[in-house]
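Taken in order, these protein sequences are the chains called A and B.
In the numbering used here, each residue's number is its place in the first sequence (first place is 1) plus 39.
In the numbering used here, each residue's number is its place in the second sequence (first place is 1) plus 137.
Ideal Cβ placement from N, Cα and C applies to all residues, glycine included.
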Amino acid sequence: MLLRHTTDKIIDREALTVNPAKTCQPVGAMYAVLGIHGCLPHSHGSQGCCSYHRSALTRHYKEPVMAATSSFTEGSSVFGGQANLVQAIDTMFAVYNPDVVAVHSTCLSETIGDDLTQIIAKAKEEGHVPAGKYVFHANTPSYVGSHVTGYANMVTAMVKSFSMKSATKKNQVNIISGWVEPSDMREIKRIASEMMAKIVLFPDTSDVLDAPMTGKHEFYPKGGVTVPELISTGDSKFTIGLGPLCTLDACIKLENQCKVKFESLELPIGIQATDAFITALSRAAGVQVPDSLTEDRGRLIDVIADMQKYLYGKRVALFGDPDTLVPLTEFLIALDMKPVYIVTGTPDKTFDARMSSILSAKVPEAKFKAGERADIFLLHQWIKQQGVDLLIGNTYGKYVARDENIPFVRLGFPILDRVGHSYFPMVGYAGAMNLVTKILDVIMDKIDREVPEEKVELVM
Amino acid sequence: MKTKVTMDPERWKAEVLTKYPSKVAKKRAKSIVVNEGDEVKQIQANIRTIPGIITQRGCTYAGCKGVVLGPTRDIINLVHGPIGCSFYAWLTRRNQTLPPTEDSPNFMMYSFSTDMQDSNIVFGGETKLKQAIREAFEIFKPKNIGIFSTCPVGLIGDDVHAVAREMKAELGINIFGFSCEGYKGVSQSAGHHIANNQIFKHVVGLNDTPVEGKFKVNLLGEYNIGGDAFELERIFEKVGITLISTFSGNSTIDSFELAHHADLNMIMCHRSINYLAEMMETKFGIPWIKVNFIGADATAKSLRKIAQYFGDAGLAAKVEEVIAEEMALVAKELESIKARTQDKTAMMFVGGSRAHHYQELFNELGMKTLSAGYEFGHRDDYEGRRVIPTIQVDADSRNIEEIHVEADPTRYKPRKTEAELKALEEQGLKFSEYEGMMTEMEKGALVIDDISHYEMEKLVEMYEPDVFCAGIKEKYCVQKMGIPLKQLHSYDYGGPYAGFEGAVNFYKDIDMIVSTSIWKMVKAPWQKESVIEAEYAL
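Structure follows, in structure tokens:
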């Protein structure tokens, strides 16, 4: 057994986290700003963080991930990292010529209390930031929240630093993307384009973290929301935030700063959440929903109806990020599956209420937990107590899946051992179709592998 | 055919430096050296990274927990800090391990953390750390727990060593701490040193039960990436060498406790483990030699060194027999592959030892190493240990603890007499010596320490090597430029590459990488002008 020390005997833990279902803030901030065109992320801390975060994103996308670091030494850790950041800004503009430098912090610079606002202002005053270039920041202390919090903080910082209200309103709708894949951002843009709704999507990592092979390494790939687009979000007629944990703060900030009204929605994963997104976008942009999308929806319903026998009543364990887990759970219930165990390492005050409202009627026996010590170890212990038919989560789930012989669907961050997540969406009806086929594939593969020879079916 | 290998390295260096601000250029100039061949030039290494330059480097915690202690399966490595450090070092280095039975402890698939929250930063994390240790003990019943400090721990003043002592007394198992905060030193290197010190202080020599077997050795600085240590264990067993412990691939704390029974320490990765070898020599009288099991020829050479050291005719004969047998298989595989790799070029920028060792494998393939460098090597890894007396420890590394070691009053035992050692040295065996990477590199090769992303792109662009070797952060950048990148940290999830079977695996993988068809399809047919011209020609 890979996880040979995990048993069904649950001892209450108050201090120890084992096999976390989260990671720390800065990687989320780094991922978010890769969705700005011409942006170089900068990690203000010791260089280990930056190296780990770049590696995690690179392993997940199998793509280059560029980011710089202040490379703190012991001296700067005691006396402050101002000199490091100013020198870094100088070096970055000289060598890598970004349009935007997006600075985030780590537990190191946050504990010593470096004032990023002041340091960046000083760098600007002293002429270290060339004309027409931008440096902005978000505080991302690793000892608060999770990678999701870091993403949210950086998205809010984008609004704070760029969104501006001018005299003229623009006929466009802002869509603030929660933590989803480049493929999902591409799908959201496709849906909007089918609807003929003019949108500004930010952050937008499509064409950044799914860049083509051309024989040249584009240090700043062609994708990403541009600075003028980001500025223009203050003039948009409405904002839709996808995934409340990642985007609600940014929506509120944008309303306060530029008086743009907003609606906060779940990530459009599954039927109901996608229905809600399309309805909201149609209303906000003042456009009709085209037949093509209604037909996509119909095809999805058709497939689920056809394959109900393999889904109905199946017990599912899942782990990941709250904004993903909530609509995913709702979708699984629509498939008549039973999401019985759900954990997220990310603290989320609304998680219990959101989950209860989805689960209490259909799966009253469901166990779910968010925050500290809501980890994969606990999930595994629950599975040991009573098994499941399907596991959904990031790559770290494979150790549980193998030990317990559970069909396993990779979803979330990070996925280190497969490709596809950055190329095929999980949002929208197309994404739901992908999810359903993945779920069916692993469930049916197990049946094929394990039924007695005389029971192997050609047609399923 | 690639023709850019004739690029003048001095010109390359001059051109690259022009892009940097003058202060940065001045600093980088000392870390970029064109190798002379006969006389080894001085290189600047193990100094602080230039902020904003985009380095490959990681931190002290990574060097300590990730590298040295990570591969040991019967210890709970508890990371005291916010969640990231524990998460990122969770199974991301491919230290394989093979517990002897289904019940043997193996905690390597687990990530343990105190998951510090803001309240722990404000009020201190010692109470939570103690509680986490109690819970780890209650749930997992380990015999050993290591505590690893991360950046904020040092700043808020949590004393992990005091906690370790207290909990050791309370629980009655071995518990020890590592002050490996990420900001210490300038790279992973400081973490190696810290790990060496603590293993030496808290583990090595704890078990005096005699170890059975002939030709007792330890293998130091071999981390069993992709099964390298398994292959070496196979070879040692075949020739009849008793391997007491490996630091730390496929290892246990139990085996470290017995390490002082060995009669010879063999160092693979000099950078990460030379401290432990030196301390073991001082305390217990165990001599050390540098070995290299990367490359079939290198493996044979290292086996002969061991036989020479023990001076046993039976062992020497067995070694020759095994070499002959293994080399016959290796040669057979190499023969067909070499035709496709001969005269191709490689570059290597890896950690603190592989950039040197893997040149052996490329030599065997008939490939030339145009440029190489380390992330965090010290001058001795580049220039050889003879320069150690001239190395100045700068302010950034001064606070890394040097522990004072003395001969053990009862257990110190010279393995060889002075006369025997001298005789062996006259036969060419070198004790406590490593000659460094630059001595073995060709004249005109570019040696670059702590390479920046920009310098790397310029190397690829201006030299167009056939294979670039580095890590995951570099891989896809270089491949986007149409040049295959071989990861020499993770081996691209292959391996082993050590020993005889490892050499064959490596030959095959390099053959694949330089022969893969997809590189020729980067341009669409309509992007190639010649297609259109051909149409006109009709």
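Rounded C-alpha distance that separates residue 300 (chain A) from residue 649 (chain B) | Near 56 Å, if we compare the C-alpha coordinates of residue 649 (chain B) and residue 300 (chain A).
Can you tell me which of the three DSSP states residue 196 (chain B) falls into?
-> DSSP places residue 196 (chain B) in coil when its eight states are reduced to three.
Any chain A beta carbon closer than 8 Å to residue 292 (chain B) = With a threshold of 8 Å between beta carbons, residue 292 (chain B) makes contact with chain A.
Output, in sequence order along the chain, the residues in the stretch 348-360 of chain A whose CB is closer than 7 Å to any CB in chain B.
-> When CB distances to chain B are screened at a threshold of 7 Å, not a single residue of the stretch 348-360 of chain A falls below it.
Rounded Cβ spacing between residue 296 (chain A) and residue 186 (chain B) (contact assumed at less than 8 Å) = About 37 Å; that fails the 8 Å criterion.
Is the shortest distance between the beta-carbon of residue 138 (chain B) and the beta-carbons of chain A less than 8 Å?
-> Note that residue 138 (chain B) scores 43 on pLDDT, short of 50, meaning its location in the model is unreliable; the coordinates nonetheless yield the value given after this. Nearest CB-CB separation between residue 138 (chain B) and chain A: not below the 8 Å threshold.
Close Cβ partners of residue 469 (chain A) (< 7 Å) along its chain, the five nearest in sequence each way excluded = Once the five neighbours on either side are set aside, the close Cβ partners of residue 469 (chain A) are 226 and 335.
Rounded C-alpha distance that separates residue 358 (chain B) from residue 489 (chain A) | Approximately 44 Å, taken between the alpha carbons.
Beta-carbon proximity list for residue 464 (chain B), same chain, < 8 Å, skipping 5 on both sides = Same-chain partners within the cutoff: 433, 437 and 637.
Measure from the C-beta of residue 220 (chain A) to each C-beta in chain B and report whether the shortest distance is under 8 Å.
-> Not closer than 8 Å to any Cβ of chain B, the Cβ of residue 220 (chain A) fails to qualify, so no.
Identify the residues that DSSP records as bridge partners of residue 209 (chain B): which are they?
-> Partner(s): B:388.
Consider the Cβ of residue 142 (chain A): report whether some Cβ of chain B lies at a distance smaller than 8 Å.
-> Contacts with chain B at 8 Å (Cβ-Cβ) do not include residue 142 (chain A).
From residue 553 (chain B) to residue 327 (chain B), what distance separates their C-alpha atoms?
-> Approximately 32 Å, taken between the alpha carbons.
Taking the beta strand (DSSP E) that residue 482 (chain B) falls in, what are its first and last residues?
-> Segment 482-486, the beta strand (DSSP E) holding residue 482 (chain B).
At a Cβ threshold of 8 Å, is residue 143 (chain B) touching chain A?
-> False, the Cβ-Cβ gap to chain A never drops below 8 Å.
Just by C-beta distance, which residues in the stretch 258-286 of chain B are closer than 7 Å to chain A?
-> Under the 7 Å Cβ criterion, the stretch 258-286 of chain B contributes 258, 265, 268, 269, 272, 273, 275, 276 and 277.
Cβ-based neighbour list, residue 474 (chain B), same chain, cut-off 6 Å, excluding 5 preceding and 5 following = Excluding positions up to five away in sequence, the list reads 644 and 648.
Could you tell me the distance, in whole angstroms, from the CA atom of residue 381 (chain A) to the CA atom of residue 418 (chain A)?
-> For residue 381 (chain A) and residue 418 (chain A), the distance between alpha carbons rounds to 7 Å.
Opposite residue 458 (chain A) in the DSSP bridges: which residues?
-> Beta-bridge partners assigned by DSSP to residue 458 (chain A): none are found.
Closest Cβ-Cβ distance between residue 487 (chain A) and chain B: below 8 Å?
-> The Cβ of residue 487 (chain A) sits no closer than 8 Å to any Cβ of chain B.
C-beta atoms of residue 279 (chain A) and residue 212 (chain A) nearer than 8 Å = Yes. Within cutoff.
Measuring CA to CA, which of B:624, B:427, B:246 and B:201 is closest to residue 283 (chain B)?
-> That would be B:201, whose Cα lies nearest to the Cα of residue 283 (chain B).
Quick one: Cα of residue 332 (chain A) to Cα of residue 467 (chain A), how far?
-> Taking the straight line joining both Cα atoms gives about 9 Å.
Closer than 8 Å to chain A by CB, residue 572 (chain B) | No, because no Cβ of chain A sits closer than 8 Å to the Cβ of residue 572 (chain B).
Can you find a CB in chain B that lies within less than 8 Å of the CB of residue 151 (chain A)?
-> Residue 151 (chain A) counts as touching chain B.
Determine whether the Cβ of residue 418 (chain A) lies closer than 8 Å to any Cβ atom of chain C.
-> Absent from the structure is chain C; the protein chains it does hold are A and B.
To which residues of the same chain is residue 631 (chain B) closer than 8 Å at the C-beta, ignoring the five residues directly before and after it?
-> Excluding residues within five positions, the ones whose Cβ falls inside 8 Å are 363, 642 and 646.
Kindly list the residues whose CB is nearer than 6 Å to the CB of residue 675 (chain B), restricted to its own chain and excluding five residues on each side of it in sequence; keep chain order.
-> The predicted position of residue 675 (chain B) is uncertain, since its pLDDT is 48 and thus under 50; a value taken from the coordinates is nonetheless stated next. Non-local beta-carbon contacts of residue 675 (chain B) in its own chain, meaning distances under 6 Å to residues more than five positions away in sequence, are absent.
Is the stretch 266-286 of chain B in contact with the stretch 208-220 of chain B, if contact means three or more CB pairs nearer than 8 Å?
-> The way I'd put it, the stretch 266-286 of chain B does touch the stretch 208-220 of chain B; three or more beta-carbon pairs between them come closer than 8 Å.
With residue 413 (chain B) and residue 367 (chain B) assumed to form a contact (beta carbons below 8 Å), what rounded beta-carbon distance in angstroms separates them?
-> Your pair residue 413 (chain B) and residue 367 (chain B) does not check out as a contact, with CB atoms roughly 22 Å apart and the cut at 8 Å.
Under the DSSP definition of a beta bridge, which residues are partnered with residue 210 (chain A)?
-> Residue 210 (chain A) has no beta-bridge partner at all, per DSSP.
Counting Cβ pairs, one atom from each stretch, are 3 or more of them under 8 Å apart for the stretch 649-658 of chain B and the stretch 243-250 of chain A?
-> Touching, no, given that fewer than three Cβ pairs across the two stretches are closer than 8 Å.
DSSP-derived helix/strand/coil call for residue 164 (chain B) | Three-state DSSP puts residue 164 (chain B) in a helix.
Measure from the alpha carbon of residue 639 (chain B) to the alpha carbon of each residue in B:602, B:658, B:563 and B:495, then state which is nearest.
-> Checked all of B:602, B:658, B:563 and B:495; the closest Cα to residue 639 (chain B) is B:495.
Give the single residue among A:46, A:54, A:370 and A:186 whose Cα lies nearest to the Cα of residue 66 (chain A).
-> Nearest option by C-alpha distance: A:186.
When B:569, B:325, B:370 and B:616 are compared against residue 193 (chain B), the one with the closest alpha-carbon | Distances from the CA of residue 193 (chain B) to each of B:569, B:325, B:370 and B:616 were compared; the closest alpha carbon is that of B:325.
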